[in-house]
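Asker: Protein chains in written order, with my numbering: chain V, 1 to 332; chain P, 1001 to 1332. Backbone N, C-alpha and C define an ideal beta-carbon position, used for all residues, glycine too.
Protein chains: 2
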Amino acid sequence: MRATIRDVAREAGVSIATVSRTMRDPGSVRVETRERVEAVASRLEYVPSQLGRQLAERRHAANGIVFPDLSGPYFAEVVLGYEAVAGELGRSVLILSTAGRDDADRAVAAMAERCDGLVVLGQTISDAAVTAMVRRGTPVVLVARPSLDGIDSVRAHNLDGARALAHHVLDTGATDVAFVGDPGSGPDVAERHAGVAAVVAERGARLRLWPVTEMDEAAGEHLAAGLGTRDLPDALVCANDEMALGLLGALAERGVRVPDDVVVTGWDDVMAARYAGLTTVRQPMREIGATAARLLDERISGARVEVAHEVLPTTLVPRDTTSSPTPRKVAR
Amino acid sequence: MRATIRDVAREAGVSIATVSRTMRDPGSVRVETRERVEAVASRLEYVPSQLGRQLAERRHAANGIVFPDLSGPYFAEVVLGYEAVAGELGRSVLILSTAGRDDADRAVAAMAERCDGLVVLGQTISDAAVTAMVRRGTPVVLVARPSLDGIDSVRAHNLDGARALAHHVLDTGATDVAFVGDPGSGPDVAERHAGVAAVVAERGARLRLWPVTEMDEAAGEHLAAGLGTRDLPDALVCANDEMALGLLGALAERGVRVPDDVVVTGWDDVMAARYAGLTTVRQPMREIGATAARLLDERISGARVEVAHEVLPTTLVPRDTTSSPTPRKVAR
DNA sequence: CCGGTTTCAGAAACCGGTTACAGACTCTGC
DNA sequence: GCAGAGTCTGTAACCGGTTTCTGAAACCGG
């Protein structure tokens, strides 16, 4: 069994208090004593138990992060940004994916018992579960999810991005725009839709809504398959890249030319979007994660008591699906 | 402050031992007593402290996973597979990314103090750090990394995949093959190179090695830029998809036709590979993570003492970059 | 009604640390 | 040489649970 603080104390002929002090505040121990303790500690390969320490300090020194999935680049990047900052702040990171888990609320509640605070990405758990955790004293930061009363949040500025995107699309000459996605699926999509709708109205164009149930590639393909039955719009503004990519493939199969016959856009700037030449909107994913980590830390340490809502800027990334391809150079 | 076991015991007029038993083995407590304790517990919203429990049980009920990065799809998928199984086994998952961290060894050692065992992906930390942890009693499973003496590991069958890939490439008629990548960068690439080399030799073709320092898109682009100076081979077998994708873009710019002038392959089957029509080799990433979680659990629980080395099969995914494009259908 | 077995619950030790408090010892300055 | 201040270090309580051991009460058949 590994050496404990009592083993070290006994061997060094001191009390456990002195060993503890030697480990955490060497300056408070006489040099001579300290060296004796340190010698014994290193001989016994003593490393303080985190469990004992955490119990005594009544803190976990760990943060959690809940996400639906990591398959897409979106959440993976957020997690990375989060982990980097949490690491700097001396906190471990616990992860929990709710994909394919039917008891997400319970799983998250269990995780809340193992960390000092956590970040919830998207619509992974119920509002009730979130407020229950906060009520119990676990700080929570919401990301990519509508903010709840008194709870910190971090979001990308969907509205701004959507407005910029809409202007760009209309600048191609489009007057008949279709928004592909379900605004009811969450605030992100709702805001994107609202931003596009506002600009389209301002500039006197027409906006239709093409609802989907799932927002994945298959949805895009399926939509393209049913295209013949409706008149083709000038622009297909998709709520995310996956659908746009699915659409692109299916449109090409059907001989519809992009961007000549129809302009297509996505949202997220996944890696594949670059190769497909897909015009899209980029969110500062890593920065979102990092910001969430900072907000959470401020909350846990008590450095801040007022509620904070951070909104980070988005970037329009114009590519071939909204303008005639440049000499085949992959836009960065 | 939250209720503790002693609060519940006092209110219910029983000892803390009885409360503890009520929580973890209700059957061992008389119905009447149990109901009284449960009533008090729910009234006080008592939830046992994980810290106290963990200290008493001397286990963390958490596993760690160390990875270099999550940007690519590779590690993200492994992490997902790992998390899913660990969750089923009732263990939390701690993550640690070594990207942009100069003290990876120390960070991992610190994490090892907070979990019952961990998985190390790739060349994230030194062999010395790994063996040190194992010596201290922390079970470790290595993934995508050469196995160390007495330490469990999980790998994909690079050799098989490389052989299949090489046969496929030679079947296109190629006789002059270039392998793009640095076999010295790790066992994965070394095995891929070895597999290709073996088949090329068997079938009497020629194999060159095009070394690179970084294995990213920029490397591929840079390589293509320098192409004029060397004679173009029949096939460019890249050690990963990123380089292959970078190459594809740069080749197209230079007017080199793929697959007519040169055949190109990657490795990993990232999402973008599908859109680029890139022939590649798929590894069962989620399954690798899941397998690692199971091996680790067996080790932690002591269910297995002998060392295990799992090798999972790979799949060749032929696409347009090795054969004339089919009618523009995205291959799954 | 009685001895023996079973069931149930409490006392106390324990997990491995942190830290308030107090006592002992060492310096000062007079 | 001694009082007072300052420096170290030890004692012991505490963090919040689990679990062994033990004794009391309930139950059993004869």
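Could you give the residue range of the alpha helix (DSSP H) that holds residue 92 (chain V)?
Answerer: Segment 92-97 is the beta strand (DSSP E) holding residue 92 (chain V); no alpha helix (DSSP H) there.
Asker: At a CB distance below 8 Å, what residues from the segment 1260-1280 of chain P approach chain V? Give them in sequence order.
Answerer: From the segment 1260-1280 of chain P, only 1270, 1271, 1272, 1274, 1275, 1276 have a Cβ closer than 8 Å to chain V.
Asker: For residue 277 (chain V), which of helix, strand or coil comes out of DSSP?
Answerer: Coil.
Asker: Counting only runs that start and end within the segment 1211-1251 of chain P, where is the alpha helix (DSSP H) found for 4 or more residues in a row?
Answerer: Taking only runs of at least 4 residues, the alpha helix (DSSP H) segments lying wholly in the segment 1211-1251 of chain P are 1217-1225.
Asker: Quick one: using the 10 Å Cβ neighbour count with 16 as the cut-off for buried, is residue 1013 (chain P) buried or exposed?
Answerer: The residue in question, residue 1013 (chain P), is exposed, as its Cβ has fewer than 16 Cβ neighbours within 10 Å.
Asker: Quick one: grab the DSSP three-state call for residue 297 (chain V).
Answerer: It is helical.
Asker: By how many angstroms is the C-alpha of residue 274 (chain V) removed from the C-alpha of residue 1201 (chain P)?
Answerer: Taking the straight line from one Cα to the other gives about 37 Å.
Asker: Report back the beta-carbon spacing between residue 322 (chain V) and residue 172 (chain V) to the nearest angstrom; my notes put them in contact at under 8 Å.
Answerer: Contact holds; Cβ gap of about 6 Å.
Asker: Buried or exposed for residue 1060 (chain P), going by 16 or more other Cβ atoms inside 10 Å?
Answerer: Under this definition residue 1060 (chain P) is a buried residue.
Asker: Which first and last residues belong to the alpha helix (DSSP H) in which residue 1022 (chain P) is found?
Answerer: Where residue 1022 (chain P) is concerned, the enclosing alpha helix (DSSP H) stretches over 1016-1024.
Asker: Just to make sure I have the definition right: I need the residues of chain P whose C-beta is within less than 9 Å of the C-beta of residue 84 (chain V). Which are they?
Answerer: Those within 9 Å of residue 84 (chain V) in chain P are 1097, 1099, 1100, 1101.
Asker: Provide the residue(s) that pair with residue 178 (chain V) in DSSP beta bridges, ordered along the chain.
Answerer: In the DSSP output, where bridge partners are listed per residue, residue 178 (chain V) has V:208, V:236.
Asker: Secondary structure at residue 1062 (chain P), three-state DSSP: helix, strand or coil?
Answerer: Reduced to three states, the DSSP call for residue 1062 (chain P) is strand.
Asker: By the DSSP assignment, the beta strand (DSSP E) with residue 1156 (chain P) in it spans what residues?
Answerer: Run containing residue 1156 (chain P): 1152-1156, per the beta strand (DSSP E) assignment.
Asker: Would you mind sorting residue 1168 (chain P) into buried or exposed? The rule is 16 or more other CB atoms within 10 Å of its CB.
Answerer: Per the 10 Å Cβ criterion, buried.
Asker: Can we say the segment 1111-1118 of chain P touches the segment 110-130 of chain V, given the rule of at least three CB pairs closer than 8 Å?
Answerer: No, because fewer than three Cβ pairs between the segment 1111-1118 of chain P and the segment 110-130 of chain V fall closer than 8 Å, the two stretches do not touch.
Asker: For a contact meaning CB atoms closer than 8 Å, what does residue 111 (chain V) contact in chain P?
Answerer: Within chain P, the residues near residue 111 (chain V) are 1092.
Asker: What residue range does the beta strand (DSSP E) around residue 117 (chain V) cover?
Answerer: Residue 117 (chain V) -> beta strand (DSSP E) spans 117-121.
Asker: Looking at residue 162 (chain V) and residue 196 (chain V), is the spacing between their C-beta atoms short of 8 Å?
Answerer: Yes, Cβ-Cβ distance for residue 196 (chain V) and residue 162 (chain V) is below 8 Å.
Asker: Between the Cα of residue 292 (chain V) and those of V:311, V:279, V:243, spot the shortest distance and give me the residue it belongs to.
Answerer: Selected option, being the one with the closest Cα: V:311.
Asker: Give me the chain V residues within the contact set of residue 1071 (chain P), using Cβ-Cβ distance strictly less than 8 Å, ordered along the chain.
Answerer: Result: 73, 76, 77, 80.
Asker: If contact means a Cβ-Cβ distance below 7 Å, which residues of the segment 236-248 of chain V contact chain P?
Answerer: Listed by position, the residues of the segment 236-248 of chain V near chain P (Cβ gap below 7 Å) are 245.
Asker: Flag residue 328 (chain V) as yes if its beta-carbon sits less than 8 Å from any beta-carbon of chain P, otherwise no.
Answerer: With a pLDDT of 39 at residue 328 (chain V), under the threshold of 50, the modelled position of that residue is not reliable, and the figure given next carries that caveat. Yes, because at least one Cβ of chain P sits closer than 8 Å to the Cβ of residue 328 (chain V).
Asker: Among the candidates V:127, V:103, V:40, V:160, whose CA atom is the shortest distance from the CA of residue 283 (chain V)?
Answerer: Ranking the options by Cα distance to residue 283 (chain V), first place goes to V:160.
Asker: Sort out for me which residues DSSP pairs residue 1310 (chain P) with in a bridge.
Answerer: Paired residues: P:1154.
Asker: If you measure from the beta carbon of residue 1294 (chain P) to each beta carbon in chain V, is any gap under 8 Å?
Answerer: No, residue 1294 (chain P) lies away from the interface with chain V (no Cβ there is under 8 Å from its Cβ).
Asker: Mind checking if residue 1054 (chain P) is an interface residue toward chain V, Cβ cutoff 8 Å exclusive?
Answerer: With 8 Å as the cut-off, residue 1054 (chain P) counts as an interface residue toward chain V.
Asker: DSSP on residue 264 (chain V), reduced to helix/strand/coil?
Answerer: Residue state, collapsed to three classes: strand.
Asker: 8 Å is my cut-off, CB to CB: does residue 315 (chain V) come that close to chain P?
Answerer: It does not: the Cβ of residue 315 (chain V) has no partner Cβ on chain P nearer than 8 Å.
Asker: Kindly indicate the opening and closing residues of the beta strand (DSSP E) around residue 321 (chain V).
Answerer: Residue 321 (chain V) -> no beta strand (DSSP E), and no H or E assigned at all.
Asker: Could you spell out where the beta strand (DSSP E) holding residue 1070 (chain P) opens and where it closes?
Answerer: Residue 1070 (chain P) -> no beta strand (DSSP E), and no H or E assigned at all.
Asker: Go ahead and pull the three-state DSSP assignment for residue 80 (chain V).
Answerer: Helix at residue 80 (chain V).
Asker: Of the residues P:1181, P:1106, P:1266, P:1125, which one's Cα is nearest the Cα of residue 1146 (chain P)?
Answerer: The residue with the shortest Cα to Cα distance from residue 1146 (chain P) is P:1125.
Asker: How far does the beta strand (DSSP E) with residue 130 (chain V) in it reach, from first residue to last?
Answerer: No beta strand (DSSP E) holds residue 130 (chain V); the alpha helix (DSSP H) holding it covers 127-135.
Asker: Between residue 10 (chain V) and chain P, is there a C-beta pair that is closer than 8 Å?
Answerer: So, not an interface residue.
Asker: Confirm, please, whether the CB-CB distance from residue 1246 (chain P) to residue 1214 (chain P) is below 8 Å.
Answerer: No; because the gap between Cβ atoms is not below 8 Å, this pair is not in contact.
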